[in-house]
Amino acid sequence: MLDLKKQGKFPDNESFQWCHESMSAVASHSDRARSATIAIEVDSLVKIYKNATDPALNNFSLSVEGGSFFGLLGPNGAGKTTALSIITGLLAPDSGSVTILGLRLDRHLRQIQTKIGLVPQDLALYENLTATENLVFFGRLYGLAGRELQTEIDRCLEFTQLQEQRNRRVSTFSGGMKRRLNLSAGMLYQPDILFLDEPTVGIDAQSRQLIHERLTDLNRQGTTLIYTTHYMEEAQELCSHVGIIDDGRIIQQGRTMDLTRQQGFNNLNDLFFSITGKKLRDV
Ligand SMILES: Nc1ncnc2c1ncn2[C@@H]1O[C@H](COP(=O)(O)OP(=O)(O)O)[C@@H](O)[C@H]1O
Ligand SMILES: [Mg+2]
């Protein structure tokens with residue numbers, strides 16, 4: 449665990465849960481048990497971009513259990529990136545609410561941002577800086593410095609197997625290396641919840657496999673993952689839970705195995721096409 453957390457500047461999971469449960473003493477036992485297991489609660493988000501005719505999000509609601517590997521699945525233009533941008537506090541919704549680890553996003557943004565990480569769809573890297581320089585930049589944004597920052601950077605570079613390329617400029621990196629560095633930047637500060645927006649699009653098989661393995665490790669260690677993709681095989685392999693989004697709203701969500709079996713499908717791919725149809729989505 450990070451020193452900052454050890455120093456008690458930010459509560460760890462257990463103490464946060466303790467505070468949260470103490471404050472909820474008046475709630476019934478079942479209410480408390482439920483609130484302790486819900487990492488993210490999203491209620492009726494609506495977002496209409498300027499000059500757009502249709503809403504990007506149209507009563508989007510979602511519930512994610514703590515510790516799950518949650519796949520947010522949808523075709524191009526379904527609203528995945530918009531949803532993640534709002535849930536991580538980068539974009540304001542027109543209406544609706546987001547609660548993360550028991551805290552309302554509109555009231556506790558700074559506190560929530562110390563507990564979450566985002567690996568964005570568009571690479572957030574400076575091409576002219578080296579891998580290490582990029583991580584120093586992002587680490588400082590999180591308030592890390594000195595030995596602690598160095599330790600975190602070493603950990604993240606090792607995790608994504610970029611130690612040997614640490615002093616190379618990003619402009620010389622392959623697509624897979626950039627995606628892995630993007631992942632490193634989102635993992636600085638050891639977030640409790642990590643959001644990943646299509647983190648394996650267009651990369652080589654080895655990098656994709658490494659990212660899959662590392663994310664599975666992170667999830668086993670207790671990190672809640674929210675992972676958007678339109679690759680159903682990937683979701684089938686990785687995700688304990690899925691939510692299927694189309695036209696700005698969640699159409700179905702639940703445990704991956706239960707959703708497919710209960711509806712008589714062999715796999716997620718068949719379920720996905722039965723829900724979203726085969727119409728091309730060229731956005
Ligand atoms: N900045 C923007 N301005 C206007 N429309 C946007 C903007 N970003 C996304 N959209 C539109 O909102 C809808 C949802 O987009 P997005 O959230 O990017 O979907 P996804 O990530 O699932 O592909 C699409 O119709 C897209 O064209
Ligand atoms: Mg997107």
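The opening position of the sequence shown corresponds to residue 449 in my numbering, with each subsequent residue numbered one higher.
C-beta: ideal position from N, C-alpha, C; glycine also.
Cβ-Cβ separation, residue j to residue i (assumed contact under 8 Å), whole Å
i: Ile560; j: Leu493; result: Contact flag wrong, Cβ pair sits at about 16 Å.
i: Asp491; j: Lys563; result: That pair is no contact at about 20 Å.
i: Thr672; j: Gly515; result: 6 Å
i: Cys604; j: Ser632; result: 4 Å
i: Gly565; j: Tyr637; result: 7 Å
i: Ile699; j: Ile723; result: 6 Å
i: Ile693; j: Gly527; result: 6 Å
i: Leu666; j: Leu642; result: 7 Å
i: Met680; j: Phe713; result: In fact, because the Cβ distance is near 11 Å, the residues do not count as touching under 8 Å.
i: Pro647; j: Arg668; result: Not confirmed; about 18 Å, so no contact.
heavy atom of ligand 2 below 8 Å from residue i C-beta
i: Thr676; result: yes
i: Gln569; result: yes
i: Glu682; result: no
i: Asp542; result: no
i: Asp645; result: yes
Beta bridge counterpart(s) of residue i as assigned by DSSP
i: Val584; result: Note: Val584 sits in no beta bridge, so no partner.
i: Pro519; result: Sequence check: residue 519 is Gly here, not Pro. Tyr675 and Val690, per the DSSP bridge assignment.
i: Ser543; result: Val494
i: Glu575; result: DSSP output for Glu575 lists no bridge partner at all.
i: Leu505; result: Lys495
i: Ser511; result: Glu489
i: Leu551; result: Ile548
i: Ile564; result: Ile641
Cβ-heavy atom distance, residue i to ligand 1, below 8 Å
i: Pro639; result: no
i: Gly736; result: Because residue 736 is not part of the residues shown, which for the chain are 449 to 731, the question remains open.
i: Ile693; result: yes
i: Asn667; result: no
i: Thr529; result: yes
i: Gly634; result: no
i: Asn499; result: yes
i: Asp502; result: yes
i: Gly519; result: no
i: Gly696; result: yes
i: Gly591; result: no
### Message
What ranges does the alpha helix (DSSP H) occupy inside the stretch 596–648, keeping only unbroken runs of at least 4 residues that lie completely in it?
### Response
623–635
### Continuous alpha helix (DSSP H) assignments of at least 4 residues falling wholly in the stretch 675–722
680–686 and 704–710
### Message
Measuring CB atoms only, is the stretch 571–588 touching the stretch 609–621, in the sense that at least three cross pairs come out at less than 8 Å?
### Response
Touching, yes, given that three or more Cβ pairs across the two stretches are closer than 8 Å.
### Query
Are the stretch 601–609 and the stretch 648–662 in contact at 8 Å, needing three or more beta carbon pairs?
yes
### Task
Indicate whether the contact test is met: 3 or more Cβ pairs, each with one atom in the stretch 493–511 and one in the stretch 535–550, closer than 8 Å.
yes
### the stretch 499–519 / the stretch 679–690 touching (three or more Cβ pairs under 8 Å)
Look at the beta carbons and you see the stretch 499–519 touching the stretch 679–690: at least three pairs across the two are nearer than 8 Å.
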